[in-house]
Structures are given as structure tokens and as C-alpha cells.
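> One structure is given below, represented as C-alpha cells, and several questions about it will come after.
Laid out in C-alpha cells, this is it:
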């Protein structure tokens, strides 16, 4: 699991959402002191410009565990290791390990804040066990030529569709297959996110936890981007560099549900549904990107940097690699070859 308590960089709109959450979300008030301290903790976190979702998760995790503590705590001093262990045992009874681990991280961050502020002498969370997270194995598309087959089918307009837009659909698949982008990263792209001189083109990505990264792109993917932007101009006119890159068929920014539906529809059109690992969907394309890089000679540090696993790279002391080495890793990805054939 890559949830490490760090928060995403937000905009002024995000801060407005945060203030709204703090003011209008019905608080659980086990005690005046705890309520005030939780509010202070959330305010301190707000200076980091977290997303509204992150702040809401903190507040929800803190509130739910407090509700399960027996006896009801009146102050942080009442939250002894024994009380917290019992509360977390009740919390974990009907929740997934990932949810329990996230709540543990929320409470660990809260107590760290209280120690820093001199409210409590120590952090009791070391005495509260958290679930052992099972490492997830990669889930790439099955079949040696499945990615190429998928791209070729989707690149052709399907007249059975109400309003076919193959240029956009190929772009979505290509960014996942040849740059390893996550769903949230795709949605965060702007038209101007792709930049650089010929032969040195790159995409600027707002990664998980607000960690930015730069991913070199091959000429084939660059051409796919150009064809998509040209088709978008035909449909909707001028395209601003600050505009969201991905839009729906009426020109509105593509949303999470729409993107997930688009990917499923592409799998269905290509007839490869049985080759997509269960529950993977877009992530199967990202895993295919990583798997093929490894098969084609890229080393672990190159792969981890390209995927944006910054916390893993730090904790395991992955070797820093140069931009030239990253570009060589991208060019070794054989999926890029089919993109050159689609023009």
C-alpha cells in the first residue's frame, strides 16, 4: 500500500472545499477537548494544501475510532494503548485491511501532532498492531500481442458507436501502456502537459500524493497526442494549453466514471475482456507497461522512477538515473512500435 500520510497539492478551490468540510461536515463530539484538538490537527494539515478527500479521510478515521472507544474518552490522556487496541479491534471487524491501515496512519499522524504540540508525552500507536499488507502481484494484460491488438482495433472508428472518437480512445490507452499513467494522473493532464523539443518530448505528471514526475515519451506516443488534439480542434475549435487534455464527446472534462467506462468499452470492442485480470481495468495497462519494461531490459530504478513510486525508491535506495537512461528505457518498450503504424 502506498498511503504514507502525505497529502496532495491542491488549489484555492481545494482549500475552499477543506474549509467547507471543517465547517459543515457534522462532527462527532465525544468531548470538547478532543473535538478542539482534532480541529487543530486538521487545520495544521490544511496548510499542506491537501485534497478535500484526504482531509475528509483523516476526520472520518479519527471520529469512527473514537466512537468505538470504551469507556468514552474525555481527553487524549484517556486513549491508552489498551483502549486504542480494543477500539481498533472493533473498527477492524468489518473493514478491509487497507482501511484499517489507513486509519492507523491517521491516528499515528494525529498523535505525532499532539506530541509536537506538547499535549501528550508520547505516541501510543506503536502498541496498536496494524494489518500486514499483502504485496500485490502485477496484473498485466494476458497474451503476448494483446496490447498491440487492442491499439489496432481501437484506432479504427467503430460505426456501431453513437459518436466514435478513436483518436481520444487510443490516446488514453497509449498513455497507460507507453507511459504508465494512473487513472487520476490521466484526468489531471492538461493540453500543455506534453512539451519539449523533437526527440526530447515528455509529459509532466501530477503523481500520487502530489508528487510530480516527468515521463519521457516516444515519437509514436507524441504523434498520438498530436492526432488527438487535431481531432479535438475539428470538434470543438480552439484548444487552450491550460485546458484539461481529456474531454468527453460534448467537450466537458472527462470524469473518473467516464474514463473507466471508456477503458472497459475499448476492451469489449477489441474482444479481450477475458485477458484483463479481474478488477484491474486501466491498472492492467499500467502493469503491462512496467512488465514489458522489465522484460525488455529496463532496471528496477528506471521502472520505479517512471511509475512514480517515489516512497519505494527512497526506502529501498533506488539508484538515481539520468534523463537519458529513462528515455532509453521508454524506447525499449516495444508497445511504442505499434503507435508509429497508426498514423
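Residue numbers (the UniProt record's numbering): 1 to 343. Just so it is clear, CB atoms sit at the ideal spot from N, CA and C, and this is done for glycine as well.
Could you tell me the distance, in whole angstroms, from the CA atom of residue 249 to the CA atom of residue 182?
Stepping through the chain shown from its first residue, residue 249 is reached at position 249. Stepping through the chain shown from its first residue, residue 182 is reached at position 182. Rounded to whole angstroms, the gap between the alpha carbons of residue 249 and residue 182 is 22 angstroms.
> Answer with buried or exposed for residue 61, where buried requires no fewer than 16 other C-beta atoms within 10 angstroms of its C-beta.
Along the chain shown, one-based indexing puts residue 61 at 61. The residue is buried, with at least 16 neighbouring Cβ atoms inside 10 Å.
> Taking only runs of the beta strand (DSSP E) that begin and end inside the region 185-222, which ones reach a length of at least 3 residues, in chain order?
List check, beta strand (DSSP E) in window: 202-206 and 212-216.
> Report the three-state DSSP secondary structure of residue 239 (helix, strand or coil).
Counting from one through the chain shown, the residue named residue 239 turns up at place 239. Looking at residue 239 - three-state DSSP - the assignment turns out to be coil, as it is neither helix nor strand.
> Assign residue 195 to one of two classes, buried (16 or more other C-beta atoms within 10 Å of its C-beta) or exposed (fewer than that).
Locating residue 195 in the chain shown gives position 195, where the first residue counts as 1. When all chains shown are included, residue 195 counts as exposed.
> Is the beta carbon of residue 285 less than 7 angstroms from the beta carbon of residue 176?
Within the chain shown, numbered from 1, the residue matching residue 285 stands at position 285. Within the chain shown, numbered from 1, the residue matching residue 176 stands at position 176. Yes; because the gap between Cβ atoms is below 7 angstroms, this pair is in contact.
> Can the beta-carbon of residue 221 be found closer than 7 angstroms to that of residue 342?
Residue mapping note: residue 221 aligns to position 221 of the chain shown, counting from 1. Residue mapping note: residue 342 aligns to position 342 of the chain shown, counting from 1. Taking 7 angstroms as the Cβ cut-off, residue 221 and residue 342 do not qualify as a contacting pair.
> Anyone know if the C-beta pair for residue 192 and residue 241 falls short of 7 angstroms?
Locating residue 192 in the chain shown gives position 192, where the first residue counts as 1. Locating residue 241 in the chain shown gives position 241, where the first residue counts as 1. Yes. Within cutoff.
> For residue 155, count the other beta carbons within 10 Å of its own beta carbon; 16 or more makes it buried, fewer makes it exposed. Which is it?
Along the chain shown, one-based indexing puts residue 155 at 155. By the 10 Å Cβ count, residue 155 comes out buried.
> Residue 269: which of 332, 159, 247 and 45 sits nearest, CA to CA?
Working through the chain shown from its first residue, we reach residue 269 at position 269. If we check each option's Cα against that of residue 269, 159 comes out closest.
> Classify residue 330: buried if its beta carbon has 16 or more other beta carbons within 10 angstroms, exposed otherwise.
In the chain shown, the residue the question calls residue 330 occupies position 330. Result: buried.
> Leaving aside the five residues before and after residue 297 along the sequence, list all residues of the same chain whose C-beta is less than 7 angstroms from its C-beta, in chain order.
Counting from 1 along the chain shown, the entry for residue 297 is found at position 297. Closer than 7 angstroms at the Cβ level, and outside the excluded window around residue 297, lie 332.
> Quickly, what does DSSP pair residue 247 with across the bridge? List them, please.
Against the chain shown, residue 247 aligns to sequence position 247. Answer is 253, bridged to residue 247.
> Which of helix, strand or coil does DSSP assign to residue 107?
Counted from its first residue, the chain shown places residue 107 at position 107. Here residue 107 sits in helix by DSSP.
> Report the three-state DSSP secondary structure of residue 145 (helix, strand or coil).
Your numbering for residue 145 matches position 145 in the chain shown. In this structure, residue 145 counts as coil in the three-state DSSP scheme.
> Taking residue 172 as part of the alpha helix (DSSP H), name the residues at either end of that continuous run.
Against the chain shown, residue 172 aligns to sequence position 172. According to the DSSP assignment, residue 172 belongs to the alpha helix (DSSP H) that extends over 166-179.
> Can you grab the Cα-Cα spacing for the pair residue 96 / residue 129, in whole Å?
Numbered from its first residue, the chain shown carries residue 96 at position 96. Numbered from its first residue, the chain shown carries residue 129 at position 129. Rounded to whole angstroms, residue 96 to residue 129 spans 15 angstroms at the Cα level.
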